[in-house]
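Residues -7 to 150, numbered by the numbering used here, are exactly what the sequence shown covers, in order.
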Amino acid sequence: MGFTTLSLKGRALRLLAQREHSRAELQTKLARHVQEGEDLAAVLDELEAKDFINPARVADSVVHRRAPRLGTQRVLQELRSKGLDEALVRAAAERLKDTELDRAREVWRRRFDGPPQDLKERARQTRFLMTRGFGGDTVRKVLNGTAGRHDDEDAGVD
């Protein structure tokens, strides 16, 4: 193992110290630093064998960081972009399924003062939630459910 290989390994470890990275991400980020005679695949194999690269941890990290602000579809898209196995992506989808509506309501609450008052505002709120990866059914439930809840709260205040 020459000095340059350690340098490549050092770069990989620095990246991994910042956050979890998938093998595909590290491959992409480190490819431009490979010098003649270096074997990036061997470095990544070693890191994977020592559990520095762990796809399940990558998936957990993405779900933990992104799910509070994004819908399931956007989180899954991010997992796929990291080159994770489809089985891990499906497992993440299963975990996110039960919290989708609550997460969408929370994202909506943080962004908007109240339910849409007209069709233009409804379209704006719908676009906001959909671009964050929430499905149409979830968006409809959030926007339809908010009007009733706000009216009930307002009725109790008077």
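A virtual CB, placed ideally from N, CA and C, is assigned to each residue, including glycine. In this text, all values refer to a predicted model and were calculated from it rather than measured experimentally.
Taking C-beta atoms as the reference points, Glu78 and Thr130 fail to come closer than 9 Å. When DSSP assignments are scanned along the stretch 31 to 118, the uninterrupted stretches of alpha helix (DSSP H) that are 4 or more residues long and fall wholly within it turn out to be 32 to 41, 47 to 58, 64 to 73, 78 to 89, 92 to 103.
9 Å or more divides the Cβ of Leu39 from the Cβ of Ala9.
If you look at Arg124, you'll find it isn't in any alpha helix (DSSP H); DSSP assigns it neither H nor E.
In the three-state DSSP reduction, Glu28 falls in the coil class, being neither helix nor strand. Between Arg58 and Val67, the beta carbon gap of about 5 Å places them in contact (Cβ cut-off 8 Å).
A buried status is given to Ser14, since no fewer than 16 other beta-carbon atoms sit within 10 Å of its beta-carbon. Ile45 places its beta carbon less than 9 Å from that of Leu18. The criterion of a C-beta distance shorter than 9 Å is satisfied by Gln65 and Gly125. Distances from the alpha-carbon of Val55 to those of Phe120, Asp94, Ala83, Asp110 put Ala83 closest.
In this structure Pro60 is exposed. Its beta-carbon is surrounded by fewer than 16 other beta-carbon atoms within 10 angstroms.
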